[in-house]
């Protein structure tokens with residue numbers, strides 16, 4: 001069966017510090033991968049998605065970047081965090097070609113101080 | 001534009017009551033899915049329902065793709081049903097976007 005991992009679970013970082021969040025999927029190959037951010041009490045905002053190694057589509061920012069160095073690994077990064085980067089970051093995957101049913105990891109709660 | 005809308009935004013139910021949540025989506029959205037976000041933030045898959053009707057216990061969902069809407073039915077609600085319910089759909093280029101959610105509170 002497939003499993004999706006995210007770490008760390010929680011993170012407190014000062015403004016201006018770098019960020020690296022990692023997501024890995026087990027038990028499948030060539031998945032579509034997604035990063036979402038959820039502000040407190042709000043909906044899910046799509047940040048990045050990837051349909052293959054090295055293929056990244058950016059939906060929003062500015063201060064964040066994503067990379068997919070391996071088939072089942074998706075990394076969210078920032079060189080300098082802003083206060084507005086605080087939120088709940090969720091990684092998800094879909095099989096792609098034959099199904100777009102989406103599965104989510106447990107998420108990372110990021111607080112920028 | 002590409003949109004996924006949900007109603008109502010908030011819902012308070014007495015335990016045991018039934019409810020219907022609605023999701024409207026624009027022409028370029030398909031492959032509808034329903035999620036429940038629990039109080040710990042975990043998104044739990046409820047239904048993947050591009051069209052037709054599915055049932056799982058007290059929950060059921062119907063998507064009428066030709067009319068661009070999907071409905072989630074909760075019967076005999078329990079306090080554990082509380083949380084936020086999202087619908088999501090696929091757009092072009094394999095993007096998956098979410099509606100704003102319906103926040104459900106079930107009170108004993």
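Protein chains in written order, with the working numbering: chain A, 1 to 113; chain B, 1 to 108. From the three backbone atoms N, C-alpha and C, an ideal C-beta is built for every residue, glycine too. Since this is a predicted model, take the numbers as computed values, not measurements.
* Asked: Is there at least one Cβ from chain B nearer than 8 Å to residue 44 (chain A)'s Cβ?
  -> For the purposes of this step, residue 44 (chain A) is identified with residue 44 of the first chain, where counting begins at 1. Answer yes: the Cβ-Cβ gap between residue 44 (chain A) and chain B drops below 8 Å somewhere.
* Asked: Looking only at its own chain, which residues have a Cβ that is under 7 Å from the Cβ of residue 83 (chain B), when we skip the five neighbours before and after it?
  -> Counting from 1 along the second chain, the entry for residue 83 (chain B) is found at position 83. Excluding sequence neighbours, residue 83 (chain B) sits near 36, 37, 38, 39, 104.
* Asked: Skipping 5 residues on each side, what residues in its chain have a beta carbon closer than 7 Å to that of residue 63 (chain B)?
  -> Along the second chain, one-based indexing puts residue 63 (chain B) at 63. Excluding positions up to five away in sequence, the list reads 32, 49, 50, 51, 52, 70.
* To do: For residue 39 (chain B), decide whether its Cβ has a neighbour in chain A, counting only Cβ atoms nearer than 8 Å.
  => Here residue 39 (chain B) is taken as the residue at index 39 of the second chain, counted from 1. So, not an interface residue.
* To do: Tell me whether residue 49 (chain A) sits in a helix, a strand or coil according to DSSP, three-state version.
  => In the first chain, counting from the first residue as 1, residue 49 (chain A) sits at position 49. Residue 49 (chain A) falls in the strand class under three-state DSSP.
* Look at the alpha carbon of residue 12 (chain A) and the alpha carbon of residue 65 (chain B), and state the distance between them as a whole number of angstroms. => For the purposes of this step, residue 12 (chain A) is taken as residue 12 along the first chain, with counting starting at 1. For the purposes of this step, residue 65 (chain B) is taken as residue 65 along the second chain, with counting starting at 1. Their backbone Cα atoms lie some 43 Å apart in a straight line.
* Three-state class that DSSP yields for residue 101 (chain A) in the structure shown -> Residue 101 (chain A) sits at position 101 when you count from the first residue of the first chain. Residue 101 (chain A): coil per DSSP, three-state reduction.
* Pick from B:1, B:30, B:107 that is closest to residue 76 (chain B), judged by C-alpha positions -> Taking the first residue of the second chain as 1, we reach residue 76 (chain B) at position 76. With distances taken between Cα atoms, residue 76 (chain B) lies closest to B:107.
* Under the three-state reduction of DSSP, which class applies to residue 84 (chain A): helix, strand or coil? -> Reading the first chain from its first residue, position 84 is the one you call residue 84 (chain A). Three-state result, residue 84 (chain A): helix.
* Asked: Counting pairs of beta carbons, one from the segment 4 to 13 of chain B and one from the segment 65 to 77 of chain A, are three or more of them closer than 8 Å?
  -> no
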